[in-house]
Amino acid sequence: MAIRENRTLLIFFYVFIGVFAAICLIPFILAVSGSLSSEAKIAANGYSFLPQGLTLDTYKFMFGSKSDEIIRGYLNSASITVLGTVSAVLVTSAYAYVITAKGFRFRGAFAFFAYFTMLFSGGTLPWYILTTKYYHLNDTLAGLFVPYLLNVFLMYLQANYFKSIPHEVVESAQIDGAGHYLIFFRIMLPLGRVGLVTISLFYALQFWNDFFLPLMLVTDEKLFTIQYMMYYMMANIQFLASGNASRISGALIAPPLETAKLAMTCLTVLPIAILYPFLQRYFVRGIVVGSVKG
Amino acid sequence: MVRRNTFGALLALVFTLTLVLSACSSKSNEGGAAESSSPAAASSGAASTAASSSDANDASKADFSEPVKLKLLFYTGQSKRMAELASNELKDLVKKEINAEIEYVYLPWSEYGGGKTDLMLSSGEEFAAYTDINYLSKSVSKGLYADLTPYVDTYAPDLKSNVAAASFDAFKQNGKQYAIPVGNRASSAAFYSVMVRQDLLEEVGMTTIGSLADLEQYYDKVHAKYPDMIGFASTDATYMLMYEYTDQNLNWINNFIAVNEAAQDDKLISWYETPEFKKYAGLMNGWYKKGIIPKYAVTNQPQLMSDWNAGKAMFFPGTATRPIEGIAGITKAVPTAKLQNYFLSKNDRPKISRGTYNTAYFVSANAKHPERYVAFFNLLQKNQELYDLFTYGIKDKDYTIDENGRVTKLTSDLFLDDWMMMNDKFMRFEKSVPDDFIEQYKHWDDDAILSKTAGFNFDNTAVKNEESKLNGVFTEFIAPIASGFVDYDTYFPKALDKLKAAGLDKYIAEYQKQFSAWYANKPKS
Chain D
7 MAIRENRTLL IFFYVFIGVF AAICLIPFIL AVSGSLSSEA KIAANGYSFL
57 PQGLTLDTYK FMFGSKSDEI IRGYLNSASI TVLGTVSAVL VTSAYAYVIT
107 AKGFRFRGAF AFFAYFTMLF SGGTLPWYIL TTKYYHLNDT LAGLFVPYLL
157 NVFLMYLQAN YFKSIPHEVV ESAQIDGAGH YLIFFRIMLP LGRVGLVTIS
207 LFYALQFWND FFLPLMLVTD EKLFTIQYMM YYMMANIQFL ASGNASRISG
257 ALIAPPLETA KLAMTCLTVL PIAILYPFLQ RYFVRGIVVG SVKG
Chain G
25 MVRRNTFGAL LALVFTLTLV LSACSSKSNE GGAAESSSPA AASSGAASTA
75 ASSSDANDAS KADFSEPVKL KLLFYTGQSK RMAELASNEL KDLVKKEINA
125 EIEYVYLPWS EYGGGKTDLM LSSGEEFAAY TDINYLSKSV SKGLYADLTP
175 YVDTYAPDLK SNVAAASFDA FKQNGKQYAI PVGNRASSAA FYSVMVRQDL
225 LEEVGMTTIG SLADLEQYYD KVHAKYPDMI GFASTDATYM LMYEYTDQNL
275 NWINNFIAVN EAAQDDKLIS WYETPEFKKY AGLMNGWYKK GIIPKYAVTN
325 QPQLMSDWNA GKAMFFPGTA TRPIEGIAGI TKAVPTAKLQ NYFLSKNDRP
375 KISRGTYNTA YFVSANAKHP ERYVAFFNLL QKNQELYDLF TYGIKDKDYT
425 IDENGRVTKL TSDLFLDDWM MMNDKFMRFE KSVPDDFIEQ YKHWDDDAIL
475 SKTAGFNFDN TAVKNEESKL NGVFTEFIAP IASGFVDYDT YFPKALDKLK
525 AAGLDKYIAE YQKQFSAWYA NKPKS
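Protein chains in written order, with this note's numbering: chain D, 7 to 300; chain G, 25 to 549.
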């Protein structure tokens, strides 16, 4: 009886989740089909699920006129994601180790400092002044990932993994004469692997999807990331469509093509869409493990 | 042990806070010191202003001896050709003319008048960018713009003679020039005309439009032929219908306040309380019910502009230059499209010019060499040769000019935005622009009068709260009535109550007080 009940419930859940997933997929399908349609048809009939007048013209146009920029954007995004993720994971796990290390007197204080920034932040202007005037991160590659090196939430997540490692392991290593450096690299990191994978994925996604740092810190086109190019284009379209342009000069400026917007969207999503199915199991597993043992 | 830990943490916290705070305050001290120590910065401080103006008096000739670096901020993006030009021909030219090196910086439009532009201004970066009057008054009240008054005569003599004086006045506050207008074009009667798809008009057997009746006839005929097309691709026809619903010659200072340019007085009109607004709302409601304004406009206004650009709309509010600016967007979808401006029953009412529809550049307050920025703006409008270079690129490489002076662009890359640079003295038309348009354009401002409000800037400090409340009420209650989405008689009484509660009377009284004082002291022409 109980099994049958479970079964009905299960079917209901599957249907519900299936419908929900389908709804989430709709905008994406529209974008893909729009990017493969011809501009004239889109202008005349609006969007549709199937491409109208199937053509690769938009992609040809994008790669014809902007191929250098797009490839550079991809390269920038990729290198920032790799560099950012590696250094962020290193910084984050080191901090997590510090606040979990037994016998370190100020670990409570350090934990509090990190926690404090989750509750209060200085605001955008002080942040901007700090990054540009003091750290001179503007128009540098470092500026595109250094400000995000420590995500406090992920740091606590990693700290929970470290806490779940039996202290006896560390103790016996200490008895054998291992220092913190050795313990961290040889014991904690290998044993906290699941956590590392999880926070790496979160970081990687964050770095790939970010357009705030380039917006704030970069004006040199050579450092534009693919997401920022996308944001740039959308922001311009938004502004022109809102009629604010006439506030400046009464000017009427033609926004870019409808299909080009959609093609750009597809280009930014593509790498993540390809990688995600292979990586998503780590997301789920990682969070669950952390929550139980923490 | 535990207690000591907590104590240690608190102590450390306090220590850190002190550090942070002292860093902040030393920062602001630094800023203040930097400002007052450099006389050329011409900050709000009286001493420094005096110093810089005496500097300008001493050197009545422009001084370019010291090489400087300037930073110019633009919105939209930089094209490939512009980047090439900027690092070759333009670089040499600017070096030769004003001994400066220019860094061109580009941001997306979302950062205009706020966002990163605000951050850059507030953090004291040195740069110049364009501004409108709203942003100007906001920033000047925070002391973020440099006072450029002392430099205009010395460093921008050509610009001054090529740009109308009224444009300069529009960007003054308390008699000081906070931004330099670049460009000079026929700008009267902006939005007072109806820009019509001339190709459609002719297709349905009509030739011209001279009244509201004509316009609606045009809609009916086109609608019968193309039922999918929308009529009016905007939700605001306050200006262009003005000639129909009143005999006055109204002009609007902002959403709430109008003046009658035909009357020689300083009386401000509370626009929403007039019978004219009622008539206007009635007309718009009729358009909405009839479908001239599409039903989707209520929820999806950006779609109107997309439809217009896709060639699926019949008319739009016009300006002198819109028929040529807007055509490129439409001809992508409808190659045969033609645009033409018409006035509804205007008769002999003069066009109203506000002298403000030009773009202007500000220089940030911390700039060490504001005069060099001014000298650069001068280059933009110095003569035909430089205008062509900044707007069209290199002759015979990026554009050609035929015997009639018509320009043909050889590249689709943009240089400096041509809508920004447009100056009647220098501007060129493309081959596709019909002669009669150019003829109309040349005489556009002939019957124009300068608005009596031109040059007046409102100081909103006394009624800041009222202003933001009123804007809220406008969006929520007034705009739907003004766009005809809802019926005036049913909804207006409540909306009026809301306006009154938000402080409409106080706001208008304050406006009237300042305007009367300014009007009384205005030199009569």
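Glycine is no exception: its CB is placed at the ideal position from the N, C-alpha and C atoms.
Whether residue i touches residue j by CB criterion (9 Å)
i, j, result
"P174/G", "A124/G", "no"
"S217/G", "G353/G", "no"
"L156/D", "V203/D", "no"
"N279/G", "F414/G", "no"
"E268/G", "S235/G", "yes"
"S550/G", "D290/G", "This structure gives no information on residue 550/G, because the portion of chain G shown stretches from 25 to 549."
"D483/G", "Q538/G", "yes"
"L363/G", "D238/G", "no"
"P220/D", "F208/D", "no"
"I317/G", "G255/G", "yes"
"T265/D", "I232/D", "no"
"S206/D", "V25/D", "no"
"I126/G", "L114/G", "yes"
"N144/D", "T100/G", "no"
"F386/G", "A190/G", "no"
"V152/G", "L117/G", "Per the sequence shown, residue 152/G should be read as Ala rather than Val. Contact: no."
"F501/G", "K524/G", "no"
Near the ligand FAD: residue i beta-carbon under 8 Å from a heavy atom
i, result
"K166/G", "Ligands are entirely absent from the displayed structure, and the ligand FAD is therefore not among its contents."
Interface flag, residue i vs chain G, CB-CB below 9 Å
i, result
"I193/D", "no"
"N242/D", "yes"
"M270/D", "no"
"L89/D", "no"
"L131/D", "yes"
"Y238/D", "yes"
"I254/D", "In this prediction, I254/D has a pLDDT of 49, which is less than 50 and means its spatial position is unreliable; nothing more can be read from the coordinates."
Chain D within 9 Å of residue i, Cβ atoms only
i, result
"E135/G", "yes"
"L109/G", "no"
"S377/G", "no"
"L474/G", "no"
"Q102/G", "yes"
"L239/G", "no"
"Y99/G", "yes"
"L117/G", "no"
"E409/G", "no"
"S161/G", "no"
"S330/G", "yes"
"E150/G", "no"
"S507/G", "no"
"L236/G", "no"
Contacting residues, own chain, Cβ-Cβ under 8 Å from residue i (five flanking each side not counted)
i, result
"F444/G", "Reading off the sequence shown, one finds Met at residue 444/G, where the question assumed Phe. If we look at M444/G and ignore the five residues flanking it on each side, its Cβ neighbours are Y154, V206, G207, T383."
"A214/G", "Y263, T343, A344, R378, Y381"
"E227/D", "E75"
Contacting residues, own chain, Cβ-Cβ under 6 Å from residue i (five flanking each side not counted)
i, result
"S89/G", "none"
"D346/G", "A small fix is needed here, since residue 346/G is Arg in this sequence, not Asp. Taken in chain order, the residues that qualify are M219."
"S163/G", "Y169"
"F98/G", "Y130"
"L520/G", "none"
Whole-number beta carbon distance between residue j and residue i, since they are thought to touch under 8 Å
i, j, result
"A305/G", "G508/G", "7 Å"
"A391/G", "A170/G", "6 Å"
"M308/G", "A472/G", "27 Å between Cβ atoms; not a contact."
"L160/G", "S258/G", "About 26 Å separates the two Cβ atoms, so there is no contact after all."
"T87/D", "F213/D", "4 Å"
"Q405/G", "D182/G", "7 Å"
Beta-carbon contacts of residue i that lie in its chain and below 7 Å, excluding the five residues immediately before and after
i, result
"A80/G", "Confidence is the limiting factor: at A80/G the pLDDT is only 42, short of 50, which leaves the residue's position unreliable, though a coordinate-based value still follows. Once the five neighbours on either side are set aside, the close Cβ partners of A80/G are P174, Y175, T178."
"A361/G", "R221, D223, G335, I351, I354, T355"
"S54/D", "S39"
"V176/D", "I189, I193"
Checklist line | Residues in the segment 119-132 of chain G having any Cβ partner in chain D nearer than 8 Å | finding: Hits within the stretch, in order: V129, Y130, L131, P132.
Item checked: Members of the segment 200-229 of chain D that neighbour chain G once the beta carbon cut-off is set at 8 Å -> L221, M222, T225, E227
Check: Using a Cβ cut-off of 7 Å, which residues of the segment 64-76 of chain D contact any Cβ in chain G, in chain order?
Finding: none
Next item on the list: Output, in sequence order along the chain, the residues in the segment 134-148 of chain D whose CB is closer than 8 Å to any CB in chain G.
Entry: Y134, I135, T138, K139
Item checked: Under 8 Å (Cβ pairs) to chain D, residues found in the segment 420-440 of chain G -> none
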